[in-house]
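> 1 is the number of the first residue of the sequence shown in the UniProt record's numbering; add one for each residue after it. Ideal placement from N, C-alpha and C gives every residue a C-beta, glycine not left out.
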Amino acid sequence: MTIPAFGLGTFRLKDDVVIASVKTALELGYRAVDTAQIYDNEVAVGQAIAESGVPRNELYITTKIWIENLSKDKLIPSLKESLKKLRTDYVDLTLIHWPSPGDAVSVEEFMQALLEAKKQGLTREIGISNFTIPLMEKAIAAVGVDNIATNQIEL
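1) What's the C-alpha gap between N2 and V105?
2) Whole angstroms are fine: how far does the CA of E116 sit from the CA of K74?
3) Determine, using beta carbons only, whether A20 and Y60 come nearer to each other than 8 Å.
4) Hey, how far is the Cα of Y90 from the Cα of T123?
5) For F131, count the other beta carbons within 10 Å of its own beta carbon; 16 or more makes it buried, fewer makes it exposed. Which is it?
6) What runs of the alpha helix (DSSP H), each 4 residues or longer, lie entirely inside the segment 83 to 147?
7) Spatial neighbours of N41 within its chain, please: CB distance less than 7 Å, with the 5 preceding and 5 following residues excluded, ordered by chain position.
8) Quick one: is L155 buried, meaning 16 or more other Cβ sit within 10 Å of its Cβ, or exposed?
9) According to DSSP, I67 sits in a beta bridge with which residue or residues?
Next up, the structure:
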């Protein structure tokens, strides 16, 4: 599946607002939904998707791993928790939300863990978010350019 041209971002949307927003977007034909662990709305996003009746294979769901879950022992369990909240067996794209502050967790460590999540079928694609060019180069060196779908940035 290719990434749909338009998608709904759920940053700062909570509870009934995010449920209504996701349901309305899906009714209007949107098929991409973007959330993140730090948004604290994955449960509501999952509920809205489930209630929408749109088949899972028609959706492109993105979530992002928060900095507290970047270590190799936390990344996959945190992604599994996100999947549970989203009521799905996989997401289409999992991003590292922000690089590790002070390089507390190396780029190589979290990118290898993210690649392992892909190998386990928890996510179809992996990528990064808010990375500088030097950090993006480290991510590419860690897992190869073909394994990084995108560097999502906010404009």
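According to the structure shown:
1) Per the sequence shown, the amino acid found at residue 2 is Thr instead of Asn. The straight-line gap from Cα to Cα measures roughly 31 Å.
2) 12 Å
3) no
4) 5 Å
5) buried
6) 107 to 119 and 133 to 143
7) T10, L13, K14, V18 and T35
8) exposed
9) None; I67 has no bridge partner.
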